[in-house]
Amino acid sequence: QSYLPYTGKNGNTLTMKVQVNEGYGLKSITVNGYTINATAALNNPDYNVTYDEATRTYTHTTKPIDQAWNVVMDFEEQYTVSFVDQKDRALGSIPAVNGTTIPEEKFTEMQAKTDAQKEGNEIFLTWVDKADGNAAYNKNTIITKNNLVLKPVYRKNAGNGGHIENGSDGSILAADDFAIHLRDLQNLTADNVKDEKYANVTAFDKDGAKVTAQVTVDADELAALKTKSAGTYRNALTFTYIRQWEPKGDGHSGS
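Each residue of the sequence shown is one higher than the one before, counting from 1 in full-length UniProt numbering.
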């Protein structure tokens, strides 16, 4: 951390420059007790934080000071994050400081490359840790490991039986239409209907944690489906993921 004591005239601004050691970078900046992740600070001009790669120098200019002012800049080790395509071919890599996030524009840039290779019946779902498909990464996900490799996940049959719902907070839920023999219909339960051979439900929360186990199916719809005869029943089931710390009903669903 870097602490910079300063006494100055009321109403003046203060510009501070911090040169970091090679292999380190800014994790966060805290102004008067309010902490901002470095990724957000560097991408929002309102925070007045810049980085000169050539000199490894971070610069922050305060707003006009009219009270006791406290600025803390927290530094951490710099990691490497790499992207590969659907066939594990390298797309590129970026530095990312431990404890920060990957800029949204980098995800957009890399997805454009993988979208160009997708099949006509595929749609992008998310980026996952190649070493652990249970960990998804988006603009909210905190980087905590070095040499992270991200690989895209695409769902088949999108637009023709597949459904992906993106929550406003960055969470995501996917479910497929499925065919089932009448003799197996009565064996459907709230748990096994989410299995890969049926609805193939997958869900990640806004931070990238896999939350498929927390997805529920509408019990009344499932009971009604089990009374049907042979036929096609579109949008027969609704799957919902509700964030645990928010009121019931604030979620999103895919059918």
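Glycine included, every Cβ here is placed at the ideal spot set by N, Cα and C. These numbers were taken from a predicted model, which means no experiment stands behind them.
CA-to-CA distance, residue j to residue i, given in whole angstroms
i           : j           : result
residue 197 : residue 39  : 40 Å
residue 25  : residue 61  : 18 Å
residue 168 : residue 201 : 19 Å
residue 275 : residue 148 : The structure shown does not extend to residue 275, since the chain is modelled only from 1 through 255, so no value can be given for it.
residue 120 : residue 216 : 30 Å
residue 143 : residue 106 : 14 Å
residue 185 : residue 165 : 26 Å
residue 14  : residue 45  : 16 Å
residue 122 : residue 35  : 40 Å
residue 212 : residue 206 : 13 Å
Check whether residue i and residue j have beta carbons under 7 Å apart
i           : j           : result
residue 139 : residue 109 : no
residue 172 : residue 204 : yes
residue 189 : residue 218 : no
residue 57  : residue 118 : no
residue 92  : residue 76  : no
residue 322 : residue 153 : Past the boundaries of the shown model lies residue 322; the chain is included only from 1 to 255, so the question cannot be answered.
Buried versus exposed call for residue i [16 or more other C-beta atoms within 10 Å across all chains shown]
i           : result
residue 229 : exposed
residue 69  : exposed
residue 95  : exposed
residue 52  : exposed
residue 162 : buried
residue 67  : exposed
Cβ-Cβ separation, residue j to residue i (assumed contact under 8 Å), whole Å
i           : j           : result
residue 28  : residue 21  : Rounded, the Cβ-Cβ distance is 17 Å, inconsistent with contact.
residue 130 : residue 84  : 7 Å
residue 101 : residue 141 : 6 Å
residue 12  : residue 64  : 7 Å
Kindly provide the ranges of any beta strand (DSSP E) runs that are 3 or more residues long and lie completely inside the segment 107–173, ordered along the chain. 122–129, 132–137, 148–156 and 162–166
Please list the segments of the alpha helix (DSSP H) lying wholly inside the segment 38–109, counting only runs of 4 or more residues, in order along the chain. 38–43
To test your reading of the DSSP string, which unbroken alpha helix (DSSP H) runs of 4 or more residues are found completely within the segment 182–236? 182–185 and 219–225
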